[in-house]
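A.B. asks: The structure under discussion is supplied below as structure tokens; questions concerning it will follow.
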Amino acid sequence: MTGFDPPSEEVQAAVTTALAEDLGPLGDLTSLLLPPADITAYIVARTAGRLAGRACATEVFCQVDPSVAIDWRVADGDPVSAGQTLAAVAGSRASVLTAERTALNFLSHLSGIATEVSRYAAAAASAGSGRVRIRDTRKTTPGLRVLEKAAVRAGGGDNHRTGLSDWVMFKDNHLAVISIPDGVAAARQRWPGRIVYVECDRIQQVDDALAAGADALLLDNMAPAEVRACVARAAGHHCLLEVSGGITLETVAEYAATGVDFISVGRLTNSAPALDIALDVKEAPDPSQEG
């Protein structure tokens, strides 16, 4: 268990679903045809990045065969280099090969997210502000949100809200039918104590949200110069500022230098390329052939 692990029940449920998808009603037909043997396999990073998903990979092997032993050499959140051995896996050949692809799918996908987050975090830190944090969004794979948000944390990022019940957030489609002052007032009355966010895509909305007493503003699709103007307007207000919308690895440092508190990026979870991770197998030596 590490500080970046998602809840164990979420890991178990996701792995159960993934294995059911892969094995179907009859199991691994190919591995069942192989002669029985104990093997040691090594999980190896083919490219450099940041590790995430260790708990999921461990759970895959455990659900397939609890006797399979895994010796991890790195933890979630650790940087990994190309060619680095991440773990040794020892057990029956059929069990290890049956679990292989599902375990690697979790590791590669979640490590890809952590790797992308670490790149954005490093680029934002290069701006020298020292305060801005990179956040994810709700643009996640259905059913895997909690796992993907754990991977974001492993990459050095923060989590935006996990679900719609976490806090009140008025976005453009909400503001088409309710004004910012009325929306904030209604939220305070019905959900006292809940954070109230307002998405703003122009300066007037920023002024309205600050006057209404919103807790946080999401500055959406604004140019850096506009964001700086919003930061100046919010001076003296106890209001967090988050910027989002079309921010790339090339532009994140410029946004980080504006003085906002958070930068949220959807591609961290919905478009991050998988990290190339493989399983190299070696058979255990035959004791009858030794000596």
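My numbering applies: residue 875 is where the sequence shown begins, and numbers increase by one.
Note that CB positions come from ideal geometry on N, CA and C, so glycine has one too.
1. Leaving out the 5 sequence neighbours to the left and right, which residues in its chain are closer than 7 Å to glutamate 1164 when beta-carbon positions are compared?
2. Please confirm whether threonine 1015 and glycine 923 have their CB atoms less than 8 Å apart.
3. What's the C-alpha gap between histidine 1111 and alanine 1025?
4. In angstroms with no decimal places, state the Cα-to-Cα distance between proline 1121 and phenylalanine 1136.
5. Hey, serine 982 and leucine 1149 are a contact pair by Cβ (cut 8 Å); roughly how many whole angstroms apart?
6. When burial is assigned at 16 or more other CB atoms within 10 Å of the CB, is glutamine 1063 buried or exposed?
7. Report back the beta-carbon spacing between arginine 993 and aspartate 1032 to the nearest angstrom; my notes put them in contact at under 8 Å.
8. To the nearest angstrom, how far is it from the Cα of arginine 1141 to the Cα of proline 910?
9. Would DSSP call alanine 1148 helix, strand or coil?
10. Would you give the residue range spanned by the beta strand (DSSP E) that valine 1117 belongs to?
11. Taking only three categories from DSSP, how would you classify glutamate 1124?
12. Helix, strand or coil: how does DSSP classify threonine 891 here?
13. Run through DSSP, which three-state label would arginine 924 get?
14. Drop a sphere of 10 angstroms on the beta-carbon of threonine 972, count the other beta-carbons inside from all chains shown, and report buried for 16 or more, exposed for fewer.
15. Can you list, in chain order, the residues of its chain with a C-beta nearer than 8 Å to that of proline 1161? Leave out the 5 residues immediately preceding and following it.
16. For aspartate 1010, count neighbouring Cβ atoms within 10 angstroms of its own Cβ and tell me buried if that reaches 16, exposed if not.
17. So, for serine 969: in the same chain, excluding its five sequence neighbours on each side, which residues have a beta-carbon less than 7 Å away from its beta-carbon?
18. How far does the alpha helix (DSSP H) with aspartate 1046 in it extend, from its first residue to its last?
19. Indicate whether valine 991 and glycine 1030 have their beta-carbon atoms separated by less than 8 Å.
20. Measuring only the C-alpha atoms, how far is phenylalanine 935 from glutamine 886?
21. Taking only three categories from DSSP, how would you classify alanine 919?
22. How big is the Cα-Cα spacing for alanine 1085 and alanine 999?
23. Looking only at DSSP bridge pairs, what is tyrosine 1129 linked to?
24. Using beta-carbon positions only, say whether leucine 960 and alanine 919 come within less than 8 Å of one another.
25. Do the stretch 884 to 904 and the stretch 949 to 957 meet, that is, are 3 or more Cβ pairs less than 8 Å apart?
26. Is valine 1080 helix, strand or coil when you go by DSSP?
27. Tell me, please, which residues DSSP counts as bridged to aspartate 1094.
28. Look up glycine 898 in the DSSP assignment and say whether it is helix, strand or coil.
29. Could you check whether aspartate 1046 and aspartate 1075 sit closer than 8 Å to each other, using their CB atoms as the reference points?
30. On the premise that alanine 962 lies in contact with threonine 914, defined as a C-beta separation below 8 Å, what is that separation, rounded to the nearest angstrom?
31. Starting from valine 942 and walking both ways along the beta strand (DSSP E), at which residues does that stretch end?
C.D. replies: Let me lay it out:
1. Here glutamate 1164 scores only 39 on pLDDT, less than 50, and its place in the model is too uncertain to base an answer on.
2. Against a cut-off of 8 Å, the Cβ pair of glycine 923 and threonine 1015 comes out as no contact.
3. Cα to Cα, histidine 1111 sits roughly 33 Å from alanine 1025.
4. The sequence given here places isoleucine at residue 1121; proline does not occur at that position. So the alpha carbons of these two residues sit roughly 12 Å apart.
5. With a contact defined as Cβ atoms closer than 8 Å, serine 982 and leucine 1149 qualify at about 5 Å.
6. With fewer than 16 Cβ atoms within 10 Å of its Cβ, glutamine 1063 is classed as exposed.
7. A Cβ-Cβ distance of about 15 Å is found for the pair arginine 993 and aspartate 1032, leaving them out of contact under the 8 Å criterion.
8. C-alpha separation (whole angstroms): 44 Å.
9. Coil at alanine 1148, not helix or strand.
10. Element bounds for valine 1117: 1114 to 1118.
11. Three-state DSSP puts glutamate 1124 in coil, outside helix and strand.
12. DSSP, read as helix, strand or coil, puts threonine 891 in helix.
13. Of the three classes helix, strand and coil, the one that applies to arginine 924 here is strand, per DSSP.
14. Classification for threonine 972: buried.
15. The pLDDT assigned to proline 1161 is 45, lower than 50, so where the model puts this residue is not dependable, and the model offers no usable value.
16. The C-beta of aspartate 1010 has 16 or more other C-beta atoms within 10 Å across all chains shown, which makes the residue buried.
17. Closer than 7 Å at Cβ, skipping near neighbours: Val938, Asp939, Val942.
18. It spans 1046 to 1049 - the alpha helix (DSSP H) in which aspartate 1046 sits, taken as one unbroken run.
19. The Cβ atoms of valine 991 and glycine 1030 lie closer than 8 Å to each other.
20. Looking at the two C-alpha atoms, the distance is approximately 11 Å.
21. In this structure, alanine 919 counts as strand in the three-state DSSP scheme.
22. One C-alpha to the other measures close to 31 Å.
23. BP columns for tyrosine 1129 are empty, so no partner.
24. The answer is yes: Cβ separation under 8 Å.
25. Output reads no: the stretch 949 to 957 does not touch the stretch 884 to 904.
26. Here valine 1080 sits in helix by DSSP.
27. Beta-bridge analysis with DSSP links aspartate 1094 to Ser1118.
28. The answer is coil: DSSP assigns glycine 898 none of H, G, I, E or B.
29. When the beta-carbon positions are compared, aspartate 1075 and aspartate 1046 come within less than 8 Å of each other.
30. Between alanine 962 and threonine 914 the Cβ distance is about 6 Å, and since that is below 8 Å, they are a contact.
31. Taken as a continuous stretch (DSSP letters only), valine 942 belongs to no beta strand (DSSP E), as it is neither H nor E.
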